[in-house]
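The structure under discussion appears below in the form of structure tokens.
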Amino acid sequence: MRRFYPGITLFKLAGATLVLVAHALLIPSMVAMDLPPLASFLMLEGRVVVPCFYVVSGFLLYKGWSHASKPGAYVRKYWLRIAAVYAVFCLLFAAEFNVPALLQDGLGLSNLILQAKILVMAVFVNGPLLQLWFIPPLLFGSVAAYWLLNRLSFKMILIMLAVLYGVVQLAAGSLLSFTGMGQVDNASLPGFLWTGATRYLGFGLTFVVMGALMAKYEEQFLRMNVRLVAVLAIGATAAETVLLTTLAPWSDAYKLTFAMLPNTALLFYGVLRIRNATITAHHRLLNLFSIVTFVGHIPLMRLNKILFGWGGSLDLVLWQQVLQSLLTFAECAALTLLLYRRSRKSGLSGERAASPGDVEAAAGMSSDPMIGAKRQTRTSAGMTANKFEG
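Sequential numbering from 5 applies to the sequence shown in the working numbering.
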């Protein structure tokens, strides 16, 4: 088994940076633009970064549990580490929004119900921060992937994923125009259920399991006829875009398409094919930067707005959006270097501090699938066997 996947490190680096730029510059700029339906649907088809992040997570998770002495314990530890970090952000959200609202408006039944709804939406659907909606579907997909790959055949898993992904298309995909779900209020119960189905089944379950299957059958996946798949993917993307543009009005409710499946597979195929010695040599630093950028860019952007007296992202002019992007990127880089050097200094002094490798394993973002798996291989006397340096 390959120990490192430089392409995964590079993809996470590019993806985290793209998320930062999207939130600071691209999305605010596009909101002010009136894009034609064709451009909107083409951009929808190109949204393969998020599905590919789920594929990467499923891929590395399978590589980890399949080489752990206790696979179930590995998955449980993986799940609990991510959930613990996520819970901290949920508590901060409650302290910032729910607690002040309860203190200001009282503990009446109506206000308690309202704050409970807000907290449930933040924890299970929207995330306590804009980008953290990604986490609950990941946790769900991780458990589902482990359960399915240990109990069902490859064929049965594919059938189940195809059916569920097709059903989700009725809520937020290519079949949306047939149901009219795009007009449903997300704050209502049907809207909550459809949004949850889209994120948990359409994103989390489908693509995490897809990544785990690619890990299990990695050699077969890398031997596929990529040219044929590329032709089919391009054809499917073009046909689906033409049909949607012709038959359906554009709506922000569109999140998924059928063509995302082959497009994501092609992107991940390219990711696995990348070889680069420089990335391998610095993978811990690069992985740490990806995590810091993904998790920390929204709080840093909010801090910058306070320091500069800026309004919301939609109120900034272009030069402010560009400055926000560059400044936040620099802050993420500085914070990464600070954490990295501190962990190295602690390691040299003999202290057992949280290393970048530990952070990567906790976040499920390490491009070394043996991080965590090797750490589970210990003797009863507590001596570590075959421990990787990471």
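C-beta: ideal position from N, C-alpha, C; glycine also.
Ranking Val246, Gly110 and Gly215 by CA distance to the CA of Pro41 puts Val246 first. In terms of Cα proximity to Leu265, the closest of Glu49, Phe196 and Phe158 is Glu49.
For Thr245, the enclosing alpha helix (DSSP H) starts and ends at Val230 to Leu251. Per DSSP, Ala269 is one residue of the alpha helix (DSSP H) stretching across Met264 to Arg277. A check of alpha carbon separations from Lys16 across Ser294, Lys309 and Ala281 identifies Ser294 as the nearest. In this structure, the CA atom of Tyr9 is about 27 Å from the CA atom of Lys159.
Non-local beta-carbon contacts of Ile161 in its own chain, meaning distances under 8 Å to residues more than five positions away in sequence, involve Leu152, Leu153, Val213 and Leu217 in chain order. Gln135 and Leu24 have their C-alpha atoms spaced approximately 10 Å apart.
Contact annotation: Ala237 and Leu270 have beta-carbon atoms nearer than 8 Å. Sixteen is the threshold: since fewer than 16 other Cβ atoms of the shown chains lie within 10 Å of the Cβ of Leu22, the residue is exposed. Taking 8 Å as the cut-off, the Cβ atoms of Asn229 and Val52 do not count as close. Excluding its 5 nearest sequence neighbours in each direction, Ile139 has C-beta neighbours in its own chain below 6 Å: Tyr90, listed in chain order. DSSP, read as helix, strand or coil, puts Lys81 in helix.
With respect to the 8 Å criterion, Thr210 and Tyr169 are classified as neighbours on the basis of their beta carbons. Pro253 and Phe298 have their C-alpha atoms spaced approximately 33 Å apart. By the CB criterion at 8 Å, Val127 and Cys94 fall inside the cutoff. Under the rule that a run must span 4 or more residues, the alpha helix (DSSP H) segments found entirely inside the region 76-154 read 103-109 and 113-125. When secondary structure is reduced to three states using DSSP, Asn280 falls in the coil class, being assigned neither helix nor strand.
Of the other Cβ atoms in all chains shown, fewer than 16 fall within 10 Å of the Cβ of Gly313; this residue is therefore exposed.
Scanning the region 50-74 for uninterrupted alpha helix (DSSP H) segments of 4 residues or longer gives 53-70, listed from N- to C-terminal end. Short of 6 Å from the beta carbon of Leu304, and not among the five residues preceding or following it, lie these beta carbons of its own chain, in chain order: Thr332 and Glu335. Cβ neighbours of Leu143 within its own chain (closer than 7 Å, five residues either side excluded): Trp83, Ile86 and Ala87. At a Cβ-Cβ threshold of 8 Å, Ser329 and Ala18 do not count as neighbours. Taking C-beta separations shorter than 7 Å and ignoring five residues to either side along the sequence, Leu341 has no partners in its chain. Here DSSP, grouped into helix, strand and coil, assigns Ala257 to coil. Only residues of its own chain outside the window of five on either side were considered, and among them none has a CB closer than 7 Å to the CB of Arg306. Using a 10 angstroms sphere on the CB of Tyr221, the tally of other CB atoms stays under 16, which defines it as exposed. At least 8 Å separates the beta-carbon of Leu260 from that of Ala337.
Annotation: Ala120 to Phe196 spans about 14 Å, alpha carbon to alpha carbon. Counting along the chain, Tyr169 sits inside the alpha helix (DSSP H) bounded by residues Phe158 to Ala176. Here the alpha carbons of Leu30 and Val321 stand approximately 12 Å from one another.
The distance from the Cβ of Leu133 to that of Ile302 is about 5 Å, consistent with a contact at the 8 Å cut-off.
For a cut-off of 8 Å, the C-beta gap from Phe262 to Val54 is around 16 Å, too long to register as a contact. Considering only Leu156, Leu292 and Ser157, the residue with the shortest C-alpha distance to Arg348 is Leu292. Note that the C-beta distance between Leu339 and Val296 is below 8 Å.
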